[in-house]
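Trainee: Quick one: this structure, given as structure tokens, is what I'll be asking you about.
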Amino acid sequence: MLQDKPAVSAYLAFGLTIQSELPLPELTPSVVSGEENIDVTIQFGDLSSVCIDWRLAEQNFQSRDDQFLFQIPEVGAFQVVQGRAVTVMPHKDSDLSRVRLYLLGTCMGVLLLQRNILPLHGSAVAVEGYAFAFVGESGAGKSTLSAAFVNRGYRLISDDVIAVCTDQSILKVSPAYPQQKLNALSLDLLTMNSDGLSVIKDEWKYAVPRKKDFSQVKLPLAGVYELIASEQPDVQLHPVSSLEGIQLLQAHTYRLPLVKRIQSMQWHFNKVTEIASQVELCRLHRPKNSITIEQLVNTVLQTIERGVRMIR
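For the sequence shown, this note's numbering begins at 804 and goes up steadily by one.
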């Protein structure tokens, strides 16, 4: 696999122009006019010697200076350098769809952190020209809620990794790529059909294309909603103070343990503090055992409409 030089393609994701030897069908294709316009390169490479030198077999996630190296059994080894270059050494028997899963997940999370872009774990949608993020624990319903918004005509910005950057002193969310990950239960709740959808290995979810429903531009971040599955009998929305918001954003940073590994603790604290002081934060409680997806959408929209009027 590594002997023949593969073709190179260009893509857009997380506000970055990416040139990759590994085909990334999930991403938005792009045309690059020159190397100076490339933000990130992804290439195949032999990482055997560096894996031995770093003793990666003893600890499979490591960081040194501006480099991050990790390996996943039966998938491959990955190296991320300076937020600009990713080298991939797939396992000889690996399925490239699994390689892409870690490339677009952990690798991108590290790469964004190296570029001082905060990755939050959740989904984001565009409403009235602003970005609104849904964060929460695994299974809280983040993707399901954002999918319900998309099904109502709103645009998806990101699913799984939310890239929050500062653009001319304004906190913004960069569009990730036009795909959602939904399990069978979520598809049923949303009355969506799984026919023709591919299954994402390792996650037991369906890959749902959203090319026609995808926002292609950075949008100001106007709200973060922590979705919580609770014993409450009905949907409840509670505002979160700036102080609580710092902890909330820390808890829902994508691959949080990696922040310490790459020695970005102080930057991370400063960034979540900045967001908590400027953006409306809420906790959205939903009953565990009730189907309330439409009520959740309505509750969020009512809050968003009030907030947007205040912003304007």
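Just so you know, even glycine gets a beta-carbon here, dropped at the ideal spot from N, CA and C.
This structure is a prediction, so every number in the text was calculated from the model and none was measured.
Please state whether DSSP places A810 in a helix, a strand or coil.
Mentor: coil
Trainee: Closest by CA to G942, which one among A987, F847 and I920?
Mentor: A987
Trainee: What is the DSSP secondary structure of A950, counted as helix, strand or coil?
Mentor: helix
Trainee: Does the pairing of the region 932 to 949 with the region 1023 to 1035 give three or more beta-carbon distances under 8 Å?
Mentor: With three or more CB-CB distances shorter than 8 Å, the region 932 to 949 counts as touching the region 1023 to 1035.
Trainee: Find out if the Cβ-Cβ distance for the pair S972, D962 is shorter than 8 Å.
Mentor: no
Trainee: Taking DSSP's pairing of strands, which residues face Q874 in a bridge?
Mentor: A880
Trainee: Hey, would you say A929 sits closer than 8 Å to Y957, going by beta carbons?
Mentor: yes
Trainee: Short of 6 Å in beta carbon distance, which residues of its chain neighbour R1112, apart from the five on each side in sequence? Order them along the chain.
Mentor: Any reading at R1112 is ruled out, since the residue's pLDDT is 48, under 50, leaving its predicted position unreliable.
Trainee: Is it buried or exposed for E829, if we count other Cβ within 10 angstroms and need 16 for buried?
Mentor: Buried.
Trainee: Which residues mark the beginning and the end of the alpha helix (DSSP H) in which A966 is found?
Mentor: Run containing A966: none in the alpha helix (DSSP H); it sits in the beta strand (DSSP E), R958 to D970.
Trainee: Start and end of the beta strand (DSSP E) containing L830?
Mentor: It is not in any beta strand (DSSP E) - L830 carries neither H nor E in the DSSP assignment.
Trainee: As a quick exercise: from L1084, Y1057, E1083 and V1082, pick the residue whose alpha carbon is nearest that of H1071.
Mentor: Y1057
Trainee: For the candidate residues F952, L906 and K1063, whose alpha-carbon lies nearest to that of E824?
Mentor: Nearest option by C-alpha distance: L906.
Trainee: Considering only residues of the same chain and omitting the five flanking positions on each side of S977, which have a CB-CB separation below 7 Å?
Mentor: Cβ within range, chain order: F817, G818, A966, C968 and K1021.
Trainee: Do you know how far the Cα of V853 is from the Cα of K1063?
Mentor: So the alpha carbons of these two residues sit roughly 22 Å apart.
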